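Okay, structure first, notes after.
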Amino acid sequence: MSGLDRHLQRGPLPLWFQIKEQLRRGIDQGEWAPGEQLPTESELTELFGVSRITVRTAFERLGDQGLVDRIPGRGTFVAQRSFERPVTRLAGFHEDMASRGFIPSARTLSVGIVPGPSEAASALGAGGDDLIEVRRLLLADHTPMAVQHGYLPVWVMGNEEFTTSHLHNKSLYRMMEERTASHPATAEETIEAVRAGGTHAGLLEVSVGSPVLMASRLSLDRSQRPVEWVRLWYRADRYRFRVELQRP
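Here our numbering = 1-based position in the sequence shown + 1408.
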């Protein structure tokens, strides 16, 4: 607890707020790493000379900000780092994670040519044509981040062989660019909160019923041709979207 100053200011700022800010600064400066346990309520109560409810309130506010995880019977731990993506930026998962200094990877669950389901076929203008179906688990620093389930027109891969091995730990968008210069340039996306079903929960390593963010996206290439219809289920505890708003 070397980074904590036991001398709190007796003034307009609530004591719990001062304790919260000291802990927050320690987390920001790396005094406690993600997953590391913070000092206990008893230790902080003794250090600062305050009531347990004051320390508990500080922990609760840190939890509200997503900075800590409170585990009953075990203690309070620094939350794992969340990934933030501006909703105005279109980038593939590999590109996005690499730009942040993380190691992206993907486990391809299945790849195949299938009759296009009605929603995907309609969005892609495929009619009764077959589509390439891709299911993948996306990871950052070996941590599951999202489940991807998408469809592509067969032509975007140049009508060439396209199997699980081709996609192993590779960027899907980069492969589209290399084969037919058809990678997404613009997209429409909707995001909603849903609960993780059994399959998604298992892949994402969360509890069944945990909140996840489901994004549905239709991507167009530079010629405004639809090239991808995809749904992604993101871990809500590791991923968040940022929107910049302007008053007209």
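For glycine and all other residues, C-beta sits at the position ideal for the given N, C-alpha and C.
It should be emphasised that the depicted structure is a prediction, and the values quoted were computed from it without experimental measurement.
The count of Cβ pairs closer than 8 angstroms, one atom from the stretch 1576-1584 and one from the stretch 1524-1532, stays below three, leaving the stretches out of contact.
Boundaries of the alpha helix (DSSP H) around residue 1472: 1460-1472. Under the 8 angstroms Cβ criterion, the stretch 1434-1446 counts as touching the stretch 1471-1488, having at least three qualifying pairs. Judged by DSSP in its simplified three-state form, residue 1445 adopts strand.
Unbroken beta strand (DSSP E) runs of no fewer than 3 residues, entirely contained in the stretch 1506-1567, are found at 1512-1523, 1538-1548 and 1551-1561, following chain order.
In the DSSP assignment, residue 1609 falls outside any beta strand (DSSP E) and within the unbroken alpha helix (DSSP H) covering 1606-1612.
For the set 1590, 1422 and 1622, the Cα lying nearest the Cα of residue 1605 is the one of 1622. Under the three-state reduction of DSSP output, residue 1440 falls in the coil class, being neither helix nor strand. When DSSP reads this structure, residue 1628 sits in a beta bridge with 1594 and 1634. For residue 1643, the closest alpha carbon among the candidates 1610, 1655 and 1630 is that of 1610.
Among the bridge pairs identified by DSSP, residue 1483 is matched with 1479.
Excluding residues up to 5 positions away in sequence, 1564, 1590 and 1591 lie with their Cβ nearer than 6 angstroms to the Cβ of residue 1584 in the same chain. Ranked by Cα distance from residue 1539, the first of 1419, 1620, 1433 and 1520 is 1520. Beta-bridge pairing by DSSP links residue 1581 to no other residue. Between residue 1553 and residue 1547, the CB-CB gap stays under 8 angstroms. Per DSSP, the unbroken alpha helix (DSSP H) holding residue 1573 starts and ends at 1572-1575. Contact between the stretch 1613-1632 and the stretch 1448-1458 is absent, with fewer than three C-beta pairs closer than 8 angstroms.
Pairwise C-beta distances place the stretch 1460-1467 out of contact with the stretch 1500-1511, as fewer than three of them are shorter than 8 angstroms. In this structure, residue 1532 lies near residue 1637, with their beta-carbon atoms less than 8 angstroms apart. In this structure residue 1601 is in contact with residue 1619, their Cβ atoms being roughly 6 angstroms apart against a cut-off of 8 angstroms. Pairing residue 1575 with residue 1516 gives a Cβ-Cβ distance under 8 angstroms.
Across the structure, residue 1569 and residue 1651 are spaced so that their CA atoms are roughly 39 angstroms apart.
In the DSSP secondary-structure assignment, residue 1620 is bridged to 1602 and 1643. The DSSP-derived three-state label of residue 1498 is coil.
The residue among 1433, 1649 and 1514 with its C-alpha nearest the C-alpha of residue 1543 is 1514.
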